[in-house]
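Asker:
Number of protein chains: 2
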Amino acid sequence: MPAHTISKAVVNRLPRYMRFLSELKEEGIERISSGELSERMHVTASQIRQDLNNFGGFGQQGYGYNVSNLIAEIGKILGLDKPHNIVVIGAGNLGRALAGYGNFESRGLFIRALFDADPAGTVPEVRGLKVYDMKELPDYLAAHETDIAILTIPKEHARRTAQQLYDLGVRGFWNFAHVDLALPPDAFVENVHLSESLMQLTYYMKHEE
Amino acid sequence: MPAHTISKAVVNRLPRYMRFLSELKEEGIERISSGELSERMHVTASQIRQDLNNFGGFGQQGYGYNVSNLIAEIGKILGLDKPHNIVVIGAGNLGRALAGYGNFESRGLFIRALFDADPAGTVPEVRGLKVYDMKELPDYLAAHETDIAILTIPKEHARRTAQQLYDLGVRGFWNFAHVDLALPPDAFVENVHLSESLMQLTYYMKHEE
Numbered sequence: 002m003p004a005h006t007i008s009k010a011v012v013n014r015l016p017r018y019m020r021f022l023s024e025l026k027e028e029g030i031e032r033i034s035s036g037e038l039s040e041r042m043h044v045t046a047s048q049i050r051q052d053l054n055n056f057g058g059f060g061q062q063g064y065g066y067n068v069s070n071l072i073a074e075i076g077k078i079l080g081l082d083k084p085h086n087i088v089v090i091g092a093g094n095l096g097r098a099l100a101g102y103g104n105f106e107s108r109g110l111f112i113r114a115l116f117d118a119d120p121a122g123t124v125p126e127v128r129g130l131k132v133y134d135m136k137e138l139p140d141y142l143a144a145h146e147t148d149i150a151i152l153t154i155p156k157e158h159a160r161r162t163a164q165q166l167y168d169l170g171v172r173g174f175w176n177f178a179h180v181d182l183a184l185p186p187d188a189f190v191e192n193v194h195l196s197e198s199l200m201q202l203t204y205y206m207k208h209e210e
Numbered sequence: 002m003p004a005h006t007i008s009k010a011v012v013n014r015l016p017r018y019m020r021f022l023s024e025l026k027e028e029g030i031e032r033i034s035s036g037e038l039s040e041r042m043h044v045t046a047s048q049i050r051q052d053l054n055n056f057g058g059f060g061q062q063g064y065g066y067n068v069s070n071l072i073a074e075i076g077k078i079l080g081l082d083k084p085h086n087i088v089v090i091g092a093g094n095l096g097r098a099l100a101g102y103g104n105f106e107s108r109g110l111f112i113r114a115l116f117d118a119d120p121a122g123t124v125p126e127v128r129g130l131k132v133y134d135m136k137e138l139p140d141y142l143a144a145h146e147t148d149i150a151i152l153t154i155p156k157e158h159a160r161r162t163a164q165q166l167y168d169l170g171v172r173g174f175w176n177f178a179h180v181d182l183a184l185p186p187d188a189f190v191e192n193v194h195l196s197e198s199l200m201q202l203t204y205y206m207k208h209e210e
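Here the protein sequences come in this chain order: E and G. Numbered per this note's numbering, the first sequence spans residues 2 to 210. Numbered per this note's numbering, the second sequence spans residues 2 to 210.
1. How about G:Leu169 and G:Ala159: are their beta carbons less than 8 Å apart?
2. For E:Tyr64, collect the residues of the same chain with a Cβ closer than 8 Å to its Cβ; drop the 5 residues on either side in sequence, then sort them by chain order.
3. List, in chain order, every chain E residue whose beta-carbon is nearer than 7 Å to that of G:Lys207.
4. Nearest to G:Thr203 by CA position, among E:Pro16, E:Ala10, E:His208, is which residue?
5. What's the call for E:Asp117, buried or exposed, on a 16-neighbour Cβ count within 10 Å?
6. Examine the Cβ distances between the region 99-116 of chain G and the region 125-142 of chain G and report whether three or more of them are shorter than 8 Å.
7. The region 94-124 of chain E: which residues have C-beta closer than 8 Å to a C-beta of chain G, in chain order?
8. Under the three-state reduction of DSSP, which class applies to G:Lys77: helix, strand or coil?
9. DSSP three-state label for G:Arg102, please.
10. For E:Arg17, would you say it is in contact with chain G, using Cβ-to-Cβ distances shorter than 8 Å as the test?
11. Can you tell me which residues form a DSSP beta bridge with E:Leu115?
12. Check whether chain G comes within 8 Å of E:Val171, counting only Cβ atoms and requiring the distance to be less than that.
13. Answer with yes or no whether the minimum CB distance from E:Ala4 to chain G is below 8 Å.
14. Please determine, among E:Phe21, E:Asp140, E:Leu25, E:Ala92, the residue with the shortest C-alpha to C-alpha distance to E:Pro120.
15. What would DSSP say about E:Ile154, mapped onto helix, strand or coil?
16. Buried or exposed: G:Thr1, going by 16 or more other Cβ atoms within 10 Å of its Cβ?
17. From which residue to which residue does the beta strand (DSSP E) around G:Tyr205 run?
18. What in chain E is Cβ-close to G:His85, meaning under 7 Å?
19. In the DSSP assignment, find the unbroken beta strand (DSSP E) run with E:Asn13 in it and report its ends.
20. Which whole-angstrom value is the C-beta distance of G:Tyr133 and G:Ala150, which I expect to be below 8 Å?
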């Protein structure tokens, strides 16, 4: 089945498989049955089999899953088999927090630089990464192939800045600004509206007592 | 229909309604048809009607929705009609970023204090909020009613710290640590695995070209 027919629900679960499998690998576990994986992940074994069958299976009857192989295969599906070069736009607390995530690199997700409208007002370096002035963005992107921008800027500037990044060739946007971007259809945008997740928490606190 | 029978998909959409409606209110718009709201939100008008009918409707035929009423009603459903007192555990970049979110307060979500294992190693105040030593947590929670903890600590400490918070009476957990917590069933946990959302982006960048 071609990957683009995979449902959004399955795509949402794949990174979770990656996380659990990576934990297994860290623990030195090289092989796991769908039953054991299901117990760890709190999903049914048949759900796991069904999800992975979307991509051709990877399990062997009676053997279970080879953890390293499965990480590699899911990584390929998730587009992690080639490195991604990333810039962070906005070097405030959130931008610096994301730039500090060491885990991204082990997935081929390389944050290369930060940009800020007022670099003098922030720390000059984050984990060895330089904080550039936004004015330097065109020159930087001309010299450094960059496929993803992480937007951690106020919503007032987000649309204009996203358009500027798009015009300079960036196509992937991980957007933390509280506004839906308005980009051409060949741009890819994943929005993170953190406060929405907090409101889901308060919903369940109210209703599931 | 009692609210606890609402599907997770609807609950996931309610905070999004809140965001769009709050934007309308900021723009001074007091009344909106389901058609206009649908255009802004990029969902069908019938989806909107169906979602809101789960909670008794709120729309009037031919009039549309009263923005302020709808915000208040959805706020009630989301448990935002009473204030929530929140502490942030971990005063690193991410903890400070979340403590700095001014928007939370307009929703009745009050971040009251931050805690860190090494408060001397961080800035002493964030937006006027004190950064306490983790050792002061029991005394603080005994003196200040607190219903939600935001966990922005390394995964090695997250489970133990969550259990400590639970034992001290906290029941809501907004968890940014990369580990599933193991808390009793009357705890409410909303996990935010940021890197999973970034991997969804790389998936779509690979497959929807």
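Here a beta-carbon is modelled for each residue, glycine too, at the ideal position from N, C-alpha and C.
Answerer: The structure says:
1. The Cβ-Cβ distance between G:Leu169 and G:Ala159 does not fall below 8 Å.
2. Excluding its 5 nearest sequence neighbours in each direction, E:Tyr64 has C-beta neighbours in its own chain below 8 Å: Arg32, listed in chain order.
3. The answer, in chain order, is Gly80.
4. Out of E:Pro16, E:Ala10, E:His208, E:Pro16 has the C-alpha closest to the C-alpha of G:Thr203.
5. Taking all protein chains in view, the Cβ of E:Asp117 is crowded by 16 or more other Cβ atoms within 10 Å, so the residue is classified as buried.
6. The answer is yes - the region 125-142 of chain G touches the region 99-116 of chain G, with three or more Cβ pairs under 8 Å.
7. Cβ contacts with chain G come from Asn94, Leu95, Arg97, Ala98, Leu99, Gly101, Tyr102, Asn104, Phe105, Arg108, Leu110.
8. In this structure, G:Lys77 counts as helix in the three-state DSSP scheme.
9. In the sequence as displayed, the identity of residue 102 of chain G is Tyr instead of Arg. The answer is coil: DSSP assigns G:Tyr102 none of H, G, I, E or B.
10. At a cut-off of 8 Å between C-beta atoms, E:Arg17 counts as an interface residue with respect to chain G.
11. Residue pairing of E:Leu115 in beta bridges, as defined by DSSP: E:Val89, E:Val132.
12. Against chain G, the CB of E:Val171 has no partner CB under 8 Å away; the residue lies outside that interface.
13. Its pLDDT being 46, under 50, E:Ala4 is placed unreliably in this model, and the value from its coordinates should be taken loosely. Yes, E:Ala4 counts as interfacial toward chain G.
14. Each of E:Phe21, E:Asp140, E:Leu25, E:Ala92 was checked against the Cα of E:Pro120, and the nearest Cα belongs to E:Ala92.
15. In the structure shown, E:Ile154 sits in coil (DSSP, three-state: anything other than H, G, I, E or B).
16. Given that chain G is displayed from residue 2 to residue 210, the structure contains no residue 1 of chain G and the question cannot be resolved.
17. Membership of G:Tyr205 in any beta strand (DSSP E) is not indicated; the residue belongs instead to the alpha helix (DSSP H) covering 195-208.
18. Near G:His85 (Cβ distances below 7 Å), the residues of chain E are Thr203.
19. For E:Asn13, there is no enclosing beta strand (DSSP E); the enclosing alpha helix (DSSP H) has its first and last residue at 9-27.
20. So it is not a contact: roughly 13 Å between Cβ atoms.
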